[in-house]
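To get our numbering, take the position in the sequence shown, counting from 1, and add 22.
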Amino acid sequence: MMKNVYSVGQVNTYIKNMFAQDFMLQRISVKGEVSNCKYHTSGHIYFTLKDAAGTINAIMFAGNRRGLKFQMKEGDKVVVTGSVEVYERDGKYQLYAREIELDGAGNLYLKFEALKKELEEMGMFAQEYKQPIPKYAKTVGVVTAPTGAAVQDIRNIAARRNPYVQLILYPAQVQGDGAVQSIINGIRALDDYGVDVIIVGRGGGSIEDLWAFNEEEVARAIFECETPVISAVGHETDTTIADFVADLRAPTPSAAAELAVFDYYAVKEQLQTTENRLRVLVSQKIIKARMKLEHLKTRLSYVSPAGKLRENRKYAADIEEKLQERMEKILMSKRHLLALLSGQLEGLSPAKKLSQGYSYVSDASGRAVTAADRISVEDTLNIHLAKGSLKAKVTEVNIE
């Protein structure tokens, strides 16, 4: 009996064709831990994928590097999508990778970064689209799970800060299947209801637990909400896409309650302090106004017609007094001068001379006789005395 004998190459080719005809092996996803990772100068990446049960060699050609969104390194938990084929020359099979993603949280982190970059480029995180949170909200909507620490913290903080603020809870599913749509429905319902501000959030957890708040649909619902939204997802160190697109991010649900609900008692105290300050300021204003009024009253008394008349009377009296004094001085000066002139005049007065025994002699024509050569015997002369006058006839003329 003749037996068939095949060459090594024929066997390798046969096996290769068997792998090629297996549809599942042409597109398969395999997860495992990366080891022996080498970036070749040609651009190819050689590595081994292993788990507790075994290993498989893998390669990603340079042309497929666009399917790798991170720097792969030893120990990474990855999911490799590609095909399992036989390298015919060596007779070995290996995994030819077309896409490589981090497994679990690492893969979610990549999705988070990709969506964050996309939405940021679209402008959904831009500050100009952020709405201001109302300072004195009366109604606060809350989208969160109806049980748990988050809703209880919000209730406690709100009650302590302002018992008059109304909280409206939309009991949403915040984790697992259906969480995304539940959160969206809560945002839209409270937006339609007309609350003043909406808190969207939940307590802390892993990235998988918080993932609903990293979905694009939730981000768009927050962005399109006409009511201001405060995000409060997880603990202070947790960050989600909802935090970036919300109008305000709170590090915790408790902090969100403090940001949304104003402190009634603090405001009341502040108003009382302001009222006291206003009273003091108004009192000071009144005192200053009264002082100014008195000042103006005094000034008005000077510029009023009656004041002007009083001032003019006083001025006239002062002028009259000064004029009187000046006239007295002038009269006194004139009297003194008159006395001097009177004395001088008295010394020259003919009447005084006559009273002293002297007489005034004039000729018939009334001219004064001052020389004897002008008079002839038998001329008639008039002799004027201190009392009365005489007519005399000249009987003798003596000329010296």
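Just so you know, even glycine gets a beta-carbon here, dropped at the ideal spot from N, CA and C.
The structure displayed is predicted, hence computed values, not measured ones.
Which whole-angstrom value is the C-beta distance of residue i and residue j, which I expect to be below 8 Å?
i    : j    : result
F92  : I263 : The pair is not a contact, with the Cβ atoms about 19 Å apart (cut-off 8 Å).
V56  : V100 : 6 Å
L71  : T77  : 7 Å
D260 : G226 : 6 Å
E239 : V202 : 6 Å
Y61  : I81  : Y61 to I81, Cβ: 12 Å. No contact.
For residue i, which of the options has the nearest alpha-carbon?
i    : options                : result
S105 : Q43, V27, E55          : Q43
K160 : T295, L303, I190       : I190
Q195 : R182, V219, T166, A393 : T166
I164 : K157, P156, R177       : Position check: residue 164 holds Val in this sequence, whereas Ile was assumed. Ranking K157, P156, R177 by Cα distance to V164 puts R177 first.
A136 : I179, L303, L90, D98   : L90
I50  : E96, Y118, I81, V240   : Y118
E291 : R183, D401, V222, G198 : R183
Q48  : R88, L281, Y115        : Y115
M94  : T417, R111, D112, G54  : G54
I423 : E248, V52, K139        : Because the chain is modelled from 23 through 422, residue 423 falls outside the range shown and cannot be assessed.
V419 : T402, W233, F147, D395 : D395
R210 : F245, V187, A181       : F245
F266 : A201, L300, E143       : E143
V399 : A408, S387, I421       : I421
Q188 : D401, S355, V283       : V283
D213 : G170, C247, V391, Y151 : C247
Y109 : P168, K38, L130        : K38
D401 : V383, P168, T35        : V383
L407 : Y380, A148, K415       : Y380
R120 : R87, R348, Q149        : R87
L281 : R332, V222, K319       : V222
Express the C-alpha separation of residue j and residue i in angstroms, rounding to a whole number.
i    : j    : result
K336 : A311 : 32 Å
E297 : P154 : 28 Å
N79  : A172 : 48 Å
E316 : V289 : 40 Å
A279 : I308 : 44 Å
N404 : R357 : 38 Å
A241 : D218 : 20 Å
T417 : G365 : 40 Å
G31  : K25  : 18 Å
F83  : R224 : 44 Å
A277 : L124 : 34 Å
K409 : K344 : 49 Å
D98  : V27  : 45 Å
L300 : K314 : 20 Å
A328 : A361 : 48 Å
G65  : L132 : 22 Å
L293 : V304 : 16 Å
K413 : L367 : 29 Å
A393 : D385 : 11 Å
A272 : I206 : 19 Å
G198 : Y151 : 30 Å
I179 : V251 : 18 Å
G388 : E350 : 45 Å
R321 : Y286 : 51 Å
T103 : E258 : 36 Å
P168 : K157 : 26 Å
G85  : E107 : 17 Å
L141 : A268 : 12 Å
N334 : T295 : 55 Å
V391 : R348 : 49 Å
Assign residue i to buried or exposed, taking buried as 16 or more other Cβ atoms, counted over all protein chains shown, within 10 Å of its Cβ.
i    : result
D175 : buried
I341 : exposed
I220 : buried
P275 : buried
Y192 : buried
M40  : exposed
M46  : exposed
E96  : exposed
K138 : buried
N58  : exposed
T249 : buried
S253 : buried
N236 : buried
S423 : It is not possible to answer for residue 423, since the shown part of the chain is limited to 23 through 422.
R111 : exposed
M146 : buried
D73  : exposed
L270 : buried
G256 : buried
A338 : exposed
Do we get a CB-CB distance below 9 Å when we pair residue i with the residues of chain D?
i    : result
M146 : This model lacks chain D altogether; it includes just one protein chain.
Completely contained beta strand (DSSP E) runs for the segment 141 to 197, where each covers 3 or more residues: 161 to 166, 188 to 193
Counting only runs that start and end within the segment 69 to 149, where is the beta strand (DSSP E) found for 3 or more residues in a row? 76 to 82, 99 to 109, 114 to 124
What are the uninterrupted segments assigned as beta strand (DSSP E) that are 3 or more residues long and contained completely in the segment 225 to 287, given in chain order? 251 to 255
Please give me, in chain order, every unbroken run of the alpha helix (DSSP H) with length at least 4 that falls completely inside the segment 348 to 417. 372 to 377
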